[in-house]
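When we follow my numbering, the leftmost residue of the sequence shown carries the number 10, and every step to the right adds one.
This report concerns only the one structure given below.
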Amino acid sequence: MTYFLGVDGGASKTAALVTDDQGKSLGDGARNIERAVNKALVNADVASREIVWAYCGIAGADHPAHRQEIVDSLNIFFPRGNFTVDNDARIALTGAIGFGAGAVVIAGTGSVAFGRNEAGEEARAGGWGPTLGDEGSAYGIARAGLSAVLRAYDGRGPSTKMLDILSRDYELAASEIPRFVYATTTHADDIARYSKLVIEAAEAEDQVASAILKDAGRELGACVVAVAQRLKMVDREIPVAYVGGAFNAGELLLAPMRETIIARAPRAKVGPSQRNPVEGAAMMAIRAAAAPRPSRSRA
């Protein structure tokens, strides 16, 4: 039997999966790259030297310094260099729709849309990080929610149930928000967890929270439309899949996103991903083993 490894490294967690050459799952793991890979290998009862190819889709892998850190970590397991380091959007797309034409929109801690047309051309929109972008992400939703809470607390904005929910369920007073957000130990994924605050309030029919999710959905839809336009797919019947924790908001986020997409790409079919990103990474490992792409292989 031959073995392959897929790795999905997002902003808040990393998952790894060992499969056979048919894509059947043999063992998985989570946490950081080293621990996730090691756990997946142990669960599959497979040694690293038995892996034919590993494909790793990692958030931020396009940044040279971060990419080198990833390569250094993977070299521990695969000193022969039989691995590929790529960004997380490509593995999410493959997991979502396979190797055909279509698009995926990711809304986890960060957000990005990524697509591929029938000619194999690819395009992305969004994914510019928490300072310059990530609209529609769990971080973006949380940031807007916490800001709305502060406006309500000051009396500068409309009242919102988020103020009471924050104090009751999260044991965080409005006046304590800045200290939490600006602490050097606070990261984007720590803030992103407060997207649940917005979702909970919107489910309770809070107008401020509902408006935040509606804006977020429209932003995600705009990313998909931008990708479809660049790839000349707005008139095509293409699958558009979604993946990521922000979609726990359900139709509160999906409905405005879908409406935005259909308004510009009326034949698009919006639905959940066929497989998760780590499964997409394993699929790409199987394909890469047959014809590795040097431009995406080890640095």
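C-beta atoms are modelled at their ideal positions from N, C-alpha and C, and glycine is treated no differently.
- Glu228: member of the alpha helix (DSSP H) spanning Gln216 to Arg239, first to last residue.
- Out of Asp215, Phe123, Lys278 and Asp224, the CA that lies nearest to the CA of Glu246 is found in Lys278.
- Separation of Ser156 and Arg177 (C-alpha to C-alpha, rounded to the nearest whole angstrom) is 18 Å.
- Within the stretch 37-81, the complete beta strand (DSSP E) runs of at least 3 residues fall at 60-67.
- For Val279, the enclosing beta strand (DSSP E) covers residues Lys278 to Pro281.
- Residue state for Ser204 is assigned as helix, using DSSP reduced to three classes.
- Secondary structure of Pro286 (DSSP, three-state): helix.
- Take Ile200, set aside five residues on each side of it, and the residues of its chain with a beta-carbon closer than 7 Å to its own are Tyr148, Ala151, Arg152 and Val190, in chain order.
- The DSSP assignment places 92-95, 111-116 and 120-125 as complete runs of the beta strand (DSSP E) inside the stretch 78-131, in order along the chain (cut-off: 3 residues).
- For Arg133, the closest C-alpha among the options Arg239, Arg89, Leu181 and Ile271 is that of Arg239.
- Nearest to Ser57 by alpha-carbon distance, out of Ala68, His75, Ala45 and Ile67, is Ala45.
- If you look at Pro167, you'll find it isn't in any beta strand (DSSP E); DSSP assigns it neither H nor E.
- Between the beta-carbon of Ala218 and that of Gly154 there is about 7 Å, and that keeps the pair under the 8 Å contact cut.
- Going by beta carbons, Leu262 and Gly119 fall outside the 9 Å limit.
- Between Ala101 and Val113, the C-beta gap is smaller than 9 Å, which places the two residues in contact.
- When C-alpha distances from Ala53 are compared across Asn41, Gly15 and Glu78, the shortest belongs to Gly15.
- Lys205 is classed as buried because its beta carbon has at least 16 other beta carbons within 10 Å across all chains shown.
- With a cutoff of 9 Å on beta-carbon distance, Val252 and Gly117 are scored as near each other.
- For Thr23, the uninterrupted beta strand (DSSP E) run begins and ends at Thr23 to Asp29, by DSSP.
- Under the DSSP assignment, Phe189 falls outside any beta strand (DSSP E), being part of the alpha helix (DSSP H) whose first and last residues are Ile186 to Val190.
- Using a C-beta cut-off of 8 Å, the stretch 221-231 makes contact with the stretch 257-272, since at least three inter-stretch Cβ pairs fall below that distance.
- A check of alpha carbon separations from Leu26 across Ile270, Ala63 and Met242 identifies Ala63 as the nearest.
- Here Ile295 really is in contact with Asp30; their C-beta atoms are around 6 Å apart, less than 8 Å.
- Ile106 sits buried, since 16 or more C-beta atoms from the chains shown fall within 10 Å of its C-beta.
- Going by C-alpha positions, Ser34 is about 5 Å away from Thr28.
- Rounded to the nearest whole angstrom, the C-alpha separation of Lys48 and Ala39 is 7 Å.
- For Leu262, the uninterrupted alpha helix (DSSP H) run begins and ends at Glu260 to Arg273, by DSSP.
- Under the three-state reduction of DSSP output, Asp143 falls in the coil class, being neither helix nor strand.
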